[in-house]
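Enquirer: First residue of the sequence shown: 15, per this note's numbering; consecutive thereafter.
By construction, the Cβ of each residue, glycine as well, lies at the ideal position given by its N, Cα and C atoms.
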Amino acid sequence: MLNIVSSKARGEASMSAKNGSIKLVAGNSNPALAQEIANWLHMPLTKAIVRRFADMEIFVEIQENVRGSDVFIIQSTSFPANDHLMELLIITDALRRASARRITAVVPYFGYARQDRKSGSRTPISAKLVANLITRAGVDRVMTLDLHAGQIQGFFDIPTDNLYASPVMVRDIKERFDLANVMVVSPDVGGVVRARGLAKRINTPLAIIDKRRERAGESEVMNVIGDAAGFTCILVDDIVDSGGTLVNAADALLANGAKDVYAYITHGVLSGGAAARIAGSRLKELVITDSIQPTEAVRNSANIRTLSIASLIGEAIGRTASEESVSSLFD
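This is the structure we're talking about:
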């Protein structure tokens, strides 16, 4: 269960940290989420300029005193990933030079997380490189959401909190479905632990899609492990990018007798024509969080819905600032 105190109580308590004031700074990756987090905490966003010069170099100016403050930068490294990562690094440098006491990078979607190991000869481990860049820029702590691989926490030499969106999803699922007829499905073998955890929370059976990927960006569903006949199936994963995996998984489940197929995915990358692909698929609904600012195509899609993670992140920020346990949020 997600243990969150009232926003009013947290807001009154979080205007000052244990050893100084709290400041929230937003980059350009997801200003709507940053504002929602600030509203939940009953705090203003710190005035700052993050803009481009004519040659597209990034310029940052913090327009308030942050000396001795506990500063939280809210910035997903989503598309365009390189621009948003660079913004995060330059904002960090500006805050460090302005004598902020502690800097926490709140990165709801951690870009480059899928490059967490060598995929072949002479290839990089980009997730580790990004972790090094963030650390060397001067960040003291990282807060993120549903890392693609939990071991990425170990790439950082600073404290890193990996939050989970599952409590937000569980609450929504319980409100919308008759759990007696629900089956949770992992779209591939790699996501079994995540899917099993959600299935355990809502006490439903679990199925797995056996998938073989022919080439990058494409996938072919081969088999459904588990009897989906008659169930409302809920696909669970951390990232939806092209949407091909979900579309193929939905087709396979329906071919095996599933009543309907929904998908609950934390990070809606939805690049290229993914929104149109989902709209034209047999998926009843795709539910994502607002860890990534939705595109116009996503906002206008009839079968894509967004859940807010503002209260989850706001509570984690408040607890971090007051030196309380963050992991107990998920007890």
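So, using beta-carbon positions, are Leu220 and Ala242 closer together than 7 Å?
Expert: No, the pair does not count as a contact, with Cβ atoms beyond the cut-off.
Enquirer: Terminal residues of the continuous alpha helix (DSSP H) containing Asn176?
Expert: Note, Asn176: premise wrong, no alpha helix (DSSP H); beta strand (DSSP E) at Thr174 to Leu177.
Enquirer: Could you spell out the range, first to last residue, of the alpha helix (DSSP H) harbouring Met183?
Expert: Its alpha helix (DSSP H) spans residues Ser180 to Arg190.
Enquirer: Just to confirm my understanding: we take Asn96, look at its own chain, exclude 5 residues before and 5 after, and list those with CB closer than 7 Å. What are they?
Expert: Closer than 7 Å at Cβ, skipping near neighbours: no residue.
Enquirer: When you compare only the Cα positions, how much space is there between Arg291 and Ser285?
Expert: In a straight line, the C-alpha of Arg291 is about 11 Å away from that of Ser285.
Enquirer: Go through its chain and collect everything with a Cβ distance to Ala114's Cβ below 6 Å, but skip five positions before and after it.
Expert: Excluding positions up to five away in sequence, the list reads Val80, Ser83 and Val85.
Enquirer: Going by DSSP, which residues form a beta bridge with Leu300?
Expert: BP columns for Leu300 point to Ala277 and Ile318.
Enquirer: Who pairs with Met197 in a beta bridge, going by DSSP?
Expert: In DSSP, Met197 forms a bridge with Cys247.
Enquirer: Across which residues does DSSP place Lys132 in a beta bridge pair?
Expert: Bridge partners of Lys132: none, in fact.
Enquirer: Would you say the stretch 157-170 touches the stretch 325-336, given that touching needs at least three Cβ pairs under 8 Å?
Expert: With the cut-off at 8 Å, the stretch 157-170 and the stretch 325-336 touch.
Enquirer: Would you mind working out which of Ala108, Val121 and Tyr276 sits nearest Phe245, comparing C-alpha positions?
Expert: Minimum Cα distance to Phe245 is reached at Tyr276.
Enquirer: Between Pro138, Phe124, Thr218 and Ile187, which lies nearest to Leu161 when the distance is taken from Cα to Cα?
Expert: That would be Phe124, whose Cα lies nearest to the Cα of Leu161.
Enquirer: Could you say which of Ile323, Ile166, Leu212 and Gly205 lies nearest to Arg131 if we only look at CA atoms?
Expert: For the residues Ile323, Ile166, Leu212 and Gly205, the minimum Cα distance to Arg131 belongs to Ile166.
Enquirer: If you count every other CB in all the chains shown that lies within 10 Å of the CB of Lys188, and 16 or more means buried, which is it?
Expert: Burial call: exposed.
Enquirer: Just how far apart, CA to CA, sit Glu50 and Ser135?
Expert: Answer to the nearest angstrom: the Cα atoms are 44 Å apart.
Enquirer: Buried or exposed for Ser341, going by 16 or more other Cβ atoms inside 10 Å?
Expert: By the 10 Å Cβ count, Ser341 comes out exposed.
Enquirer: Going by DSSP, what residue range makes up the beta strand (DSSP E) through Leu159?
Expert: That run of the beta strand (DSSP E) goes Arg155 to Leu159.
Enquirer: Of all the options Ile72, Leu55, Ile222 and Ser92, which has the alpha carbon lying nearest to the alpha carbon of Asn44?
Expert: Looking at the Cα atoms, Ser92 is the closest of the given residues.
Enquirer: Taking the beta carbon of Ile172 as the centre, do at least 16 other beta carbons fall within 10 Å, making it buried, or is it exposed?
Expert: Ile172 is exposed by the Cβ-count criterion.
Enquirer: Taking DSSP as the reference, what is the three-state secondary structure of Asp252?
Expert: In the structure shown, Asp252 sits in a strand (DSSP, three-state: E or B).
Enquirer: Identify every residue that forms a DSSP beta bridge with Asp224.
Expert: DSSP, once it has assigned bridges, lists Asn237 as partnering Asp224.
Enquirer: Could you pull the DSSP bridge partners for Arg116 from this structure?
Expert: Asp84.
Enquirer: Hey, quick one: how far does the alpha helix (DSSP H) through Val206 stretch, first residue to last?
Expert: That run of the alpha helix (DSSP H) goes Val206 to Ile216.
Enquirer: Measuring alpha carbon to alpha carbon, tell me which of Ile87, Leu59 and Ser200 ends up nearest Asp224.
Expert: Comparing Cα positions, the closest option is Ser200.
Enquirer: In three-state terms, what does DSSP make of Ala269?
Expert: If DSSP states are grouped into helix, strand and coil, Ala269 belongs with the helices.
Enquirer: Ile63 and Glu75 - do their beta-carbons sit closer together than 7 Å?
Expert: It is a contact, given that the beta carbons lie within the stated cut-off.
Enquirer: Round the Cβ separation of Leu193 and Asn217 to the nearest angstrom and send it over; I've been treating them as touching at under 8 Å.
Expert: About 7 Å separates the two Cβ atoms, so the contact holds.
Enquirer: Would Arg208 be called buried (16 or more neighbouring beta carbons within 10 Å of its own) or exposed?
Expert: By the neighbour-count rule (16 or more Cβ atoms within 10 Å), Arg208 is buried.
Enquirer: Looking at Val196: is its Cβ nearer than 7 Å to the Cβ of Ile222?
Expert: Taking 7 Å as the Cβ cut-off, Val196 and Ile222 do not qualify as a contacting pair.
Enquirer: Taking Cβ to Cβ, would you say Leu321 is nearer than 7 Å to Thr303?
Expert: Cβ distance < 7 Å, so Leu321 and Thr303 count as in contact.
Enquirer: Please name the residue or residues paired with Ala40 in a DSSP beta bridge.
Expert: The partner list for Ala40 (beta bridge, DSSP) reads Ile88.
Enquirer: I'd like the span of the beta strand (DSSP E) that includes Val283, first residue to last.
Expert: Neither: Val283 is in no beta strand (DSSP E) and is coded neither H nor E.
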